[in-house]
Amino acid sequence: MEGRLINSSSSLPDTKSAPEADSSVLQIWGGQPLRGHVKISGAKNSALVIMAAALLCPEDCRIRNVPLLADVERMGQVLTTLGVRVERQDDALVINAKDFSTSKAPYELVTQLRASFFAIGAILARLGIAQMPLPGGCAIGARPVDLHVRGLQAMGAEVQIEHGICNAHLHGNNRRLQGAKIYLDSPSVGATETLMMAATLADGETVLENAAREPEVVDLANFCISMGAKIQGAGTSTITIQGVEKLHSTDYSIIPDRIEAGTFLMAGAITGSEILLSPVVPEHLFPVIAKLREVGIPIFQEAADCLRVAPASVIKATNIETLPHPGFPTDVQAPFMSLLAIAEGDSLINETVFENRLRHASELNRLGADIRIKGNVAFVRGVPMLSGAPVRGTDLRAAAALVVAGLAASGKTTIKGLSFLDRGYDRLDLKLQQLGAKIQRLSEAEAGADFAPLSEN
Ligand code: EPZ
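In terms of numbering that gives the first Met the number 0, the sequence shown opens at residue 0 and continues consecutively.
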């Protein structure tokens with residue numbers, strides 16, 4: 000089958016590249032109920048880390064159900080610069096790290112894509128040395144990597160951070176990382192994934208205590224196990240990895256994206272629609288389904304991998320606290336805030352995972368919402384109706400929240416910041432169009448919208 004090699008000059012087919020996306024906007028005429036079935040793509044936060052894990056194996060790895068995202072393209076470019084072959088074949092990637100030799104990841108790519116930093120564990124495990132630029136902060140917070148670094152040091156790596164580069168190498172004449180018992184101060188998804196990858200080829204047993212339990216962590220473990228890794232306990236707070244000498248090729252399909260599914264559940268709920276979503280893994284969405292039912296949104300499991308959301312007579316207020324899995328996912332907090340903006344009554348949202356992930360509130364207020372922020376808490380007073388306006392997405396999930404709100408707002412909403420959206424959603428506007436939404440992607444000039452400056456909060 001003819002594939003498409005991903006390299007530094009390639010760009011995503013049929014969606015805009017980042018610069019074009021930045022000058023494009025989404026225009027939505029709200030109030031249109033949705034109907035039909037939406038296909039949920041593969042999970043972004045599985046795809047990115049599993050692409051990094053393919054570095055552990057010197058043979059072909061086929062990864063299926065990989066979403067078409069700017070971040071996936073960018074991760075492919077990071078791997079390519081490390082000497083890895085990355086080929087897109089329809090919904091699959093074929094990755095071969097046989098000739099993977101360069102331990103120095105490209106600064107400009109890594110600083111744009113935090114997930115690429117997680118590859119440090121795999122690079123170190125394969126080559127015994129890694130020079131990885133620090134991912135740096137982003138719109139939602141400082142995003143430090145101290146838990147990743149401390150874990151690698153516990154496994155026998157020397158790690159120095161200078162000039163924004165994380166330089167890691169094995170001690171003296173150690174040929175491999177050493178298994179270790181590691182306690183994570185907080186159940187960091189990325190640190191759990193970095194250390195799990197490093198441990199698969201380490202000498203001896205590694206135990207990760209207080210590990211993250213997200214479904215994407217389990218997906219990564221299952222991918223590594225399919226290559227011959229020995230991992231137990233993924234999905235619990237204690238993960239045990241017995242290091243092996245070598246891993247072998249695999250053909251693996253990643254899980255559906257629970258965050259994309261949660262976003263579409265919000266889109267159906269806020270527009271009073273009946274839509275079907277599949278494939279999904281319902282238990283990955285239990286916290287989201289529970290809170291939606293609590294506010295009065297009927298949700299039905301139509302099949303093992305299919306959910307149906309139906310219109311609610313009233314959308315009630317509630318309180319939400321974002322937490323590590325199995326708590327309410329921080330990545331669905333912004334779209335849920337859009338829904339609560341038109342609930343009956345006052346809601347409270349406490350964002351406990353990231354220190355600056357409420358910036359979408361001020362943009363929702365431009366659409367007529369009544370939200371006040373105090374520290375990491377949003378006080379949302381429900382209003383009867385939102386009204387369309389020009390707004391800007393400040394990060395990936397904030398942009399998604401504005402799309403969800405625009406679907407319900409009366410009149411026209413114009414949304415800037417599509418380079419964020421294209422990072423994490425596989426053709427969101429096309430999927431919404433197919434559900435009947437009046438949404439289109441235009442150049443800023445065609446849209447003729449004037450955007451007020453972003454408010455700082
Ligand atoms: C992953 O980020 C996801 N990204 C995020 O999704 C998600 O929001 C997050 O997990 C939480 O679920 C990918 O998987 C690529 P963390 P990650 O390490 O691994 C602090 C999206 O929208 N921390 O669990 O970076 C950190 O600052 C993205 O798809 C440390 O202090 O998240 C944060 O406050 C956004 N030191 C908290 O832990 C560390 O060494 C949770 O971060 C690592 C993290």
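C-beta atoms are modelled at their ideal positions from N, C-alpha and C, and glycine is treated no differently.
From the listed residues Gln159, Gly163, Thr193 and Ala104, the smallest Cα separation to Leu133 is found for Gly163. The alpha-carbon separation between Ile49 and Phe378 amounts to approximately 38 Å. Here the alpha carbon of Met195 sits roughly 43 Å from the alpha carbon of Gln26. Per DSSP, Ser100 has no beta bridge partner at all. The three-state secondary structure of Cys223, taken from DSSP, is helix. Residue pairing for Val206: DSSP places it in a beta bridge opposite Lys180 and Thr239. From the listed residues Gly155, Lys180 and Ala268, the smallest Cα separation to Asn173 is found for Gly155. Three or more Cβ pairs closer than 8 Å define a contact, and the region 52 to 69 falls short of that threshold against the region 27 to 38. As a beta-bridge residue in DSSP terms, Met131 pairs with Cys165. Set against 6 Å, the gap from the CB of Phe353 to the closest heavy atom of the ligand EPZ is smaller. With fewer than 16 other beta carbons inside 10 angstroms of its own, Thr235 counts as exposed. The three-state secondary structure of Ala377, taken from DSSP, is strand.
According to DSSP, Gly29 shares a beta bridge with no other residue. The DSSP-derived three-state label of Gly2 is coil. Ranked by Cα distance from Glu161, the first of Ala91, Pro389, Ile181 and Gln130 is Gln130. Under the three-state reduction of DSSP output, Asn318 falls in the strand class. Less than 7 Å separates the beta-carbon of Ile5 from that of Arg87. For Gly82, the secondary structure class from DSSP, reduced to helix, strand or coil, is coil. Short note on Leu47: C-beta closer than 6 Å to some heavy atom of the ligand EPZ. If the five residues before and after Ser23 are omitted, its C-beta is found closer than 8 Å to the C-beta atoms of Lys15, Leu417, Arg440, Leu441, Ser442 and Glu443, all from its own chain and listed in chain order.
Between the region 386 to 394 and the region 233 to 250, the count of Cβ pairs shorter than 8 Å is below three; the stretches do not touch. Going by beta carbons, Gly150 and Arg142 fall outside the 7 Å limit. With respect to Ala114, Cys223 sits apart: the two C-beta atoms are not nearer than 7 Å.
Taken through DSSP and simplified to helix, strand or coil, Glu157 comes out as strand. The bridge partners DSSP lists for Arg396 come to none.
7 Å or more divides the Cβ of Gly435 from the Cβ of Arg175.
Partner residues in the beta bridge of Phe299, as assigned by DSSP, are Arg307. Per DSSP, Val188 lies in no beta strand (DSSP E); the unbroken alpha helix (DSSP H) holding it starts and ends at Val188 to Thr199. The three-state secondary structure of Ile254, taken from DSSP, is coil.
Relative to Ser187, the option among Asn221, His147, Glu204 and Val217 whose CA is nearest is His147.
Per DSSP, the unbroken alpha helix (DSSP H) holding Ser361 starts and ends at His359 to Arg365. Under the three-pair Cβ rule at 8 Å, the region 345 to 354 does not count as touching the region 403 to 420. Restricting attention to Thr101, Gly41 and Thr191, the CA atom closest to the CA of Asp89 is found in Gly41. Rounded to the nearest angstrom, the Cβ distance from Ile122 to Ser102 is 6 Å, consistent with a contact under 8 Å.
Set against 6 Å, the gap from the CB of Arg34 to the closest heavy atom of the ligand EPZ is not smaller.
DSSP, read as helix, strand or coil, puts Asn95 in strand.
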